[in-house]
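Visitor:
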């Protein structure tokens with residue numbers, strides 16, 4: 039949002055950024071924080087909700103989205119689950135597939151049509167960057183790709199403490215012991231640990247949570263995660 043910095047150097051600023059990584063790592067929160075930090079309007083769109091059964095409606099929504107952003111500058115457009123409309127194009131497909139392709143084409147046209155020095159910027163998010171159409175990722179469109187990985191142990195502890203701050207607790211809570219059992223947990227999982235710990239206290243007819251409630255919760259969620267089929271993405275994406 040400081041175009042003069044780029045003008046001095048003689049380059050064009052990026053039009054958009056792609057945030058990619060596993061689900062629940064805070065991509066939406068990060069986009070909101072960016073908009074709040076620069077005091078910009080924030081327009082969130084879930085890409086899968088744009089696809090409409092009526093031919094041409096989805097492309098119209100894309101045009102209206104960019105029109106709204108231009109009328110309310112400075113504005114950040116955040117498109118979550120961009121893989122829903124930004125997947126690779128194929129020559130054959132159903133009418134729904136063709137509608138998705140038309141929507142993607144309109145999105146590309148709109149990206150090409152707005153001024154990189156203007157005060158409208160795109161942030162897109164996905165946990166499947168490997169399926170995105172290369173046309174969406176080329177320079178001049180989504181110029182920057184940033185991986186948002188799962189939190190490490192120290193980050194997990196800080197996230198857990200934030201979610202546990204408002205919980206009535208009794209005795210000492212060994213957060214380090216809890217997060218050691220939370221390998222591979224994202225921010226949403228850690229929030230669920232706190233919720234499950236509270237449920238454990240309620241079942242025990244207590245109005246406060248103790249350390250053992252947290253340990254039971256993290257063990258329970260750990261077992262549940264082992265049974266889940268997790269979506270994988272190419273960790274080498276964007277590192278060439």
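In this note's numbering, the protein residues as written are 39 to 278. Quick reminder that beta carbons are idealized off the backbone N, C-alpha and C, glycines included. Quantities reported herein were computed from a predicted structural model and do not represent experimental measurements.
(1) Check whether the stretch 153–165 touches the stretch 135–143, counting contact only when three or more Cβ pairs, one atom from each stretch, lie closer than 8 Å.
(2) Terminal residues of the continuous alpha helix (DSSP H) containing residue 229?
(3) According to DSSP, is residue 152 helix, strand or coil?
(4) Helix, strand or coil for residue 269? Go by DSSP, reduced to three states.
(5) Enumerate in chain order the residues of its own chain whose CB-to-CB distance from residue 246 is below 7 Å, with the five nearest sequence positions on each side excluded.
(6) Just to confirm, are residue 148 and residue 100 a CB contact at a threshold of 9 Å?
(7) So, is the C-beta of residue 179 closer than 9 Å to a C-beta in chain B?
(8) Among residues of its own chain, excluding the 5 on either side of residue 70, which ones have a beta-carbon nearer than 7 Å to its beta-carbon?
(9) Tell me the residue span of the beta strand (DSSP E) that contains residue 163.
(10) Since residue 180 is in the beta strand (DSSP E), which residue starts that stretch and which ends it?
(11) Can you tell me whether residue 258 is helix, strand or coil according to DSSP?
Guide: Once the coordinates are examined:
(1) no
(2) If you number the chain shown from 1, residue 229 lands on position 191. 225–241 is the span of the alpha helix (DSSP H), which, as asked, contains residue 229.
(3) The residue given as residue 152 occupies position 114 in the chain shown. Coil.
(4) Locating residue 269 in the chain shown gives position 231, where the first residue counts as 1. Legend: pLDDT at residue 269 = 46, less than 50; position of this residue unreliable, value from coordinates given subsequently. The answer is coil: DSSP assigns residue 269 none of H, G, I, E or B.
(5) The count along the chain shown starts at 1 and reaches residue 246 at position 208. Contacts found: 206, 207, 208 and 239.
(6) Within the chain shown, numbered from 1, the residue matching residue 148 stands at position 110. Within the chain shown, numbered from 1, the residue matching residue 100 stands at position 62. Cβ atoms of residue 148 and residue 100: closer than 9 Å.
(7) Protein chains in the displayed structure number just one, and chain B is not present.
(8) Start at 1 with the first residue of the chain shown, and residue 70 comes out as number 32. Contacts found: 80.
(9) On the chain shown, position 125 is the one that residue 163 refers to. Looking at the DSSP string, the run of the beta strand (DSSP E) that includes residue 163 is 158–164.
(10) Within the chain shown, numbered from 1, the residue matching residue 180 stands at position 142. It spans 180–185 - the beta strand (DSSP E) in which residue 180 sits, taken as one unbroken run.
(11) Within the chain shown, residue 258 is the residue found at index 220, counting from 1. It is helical.
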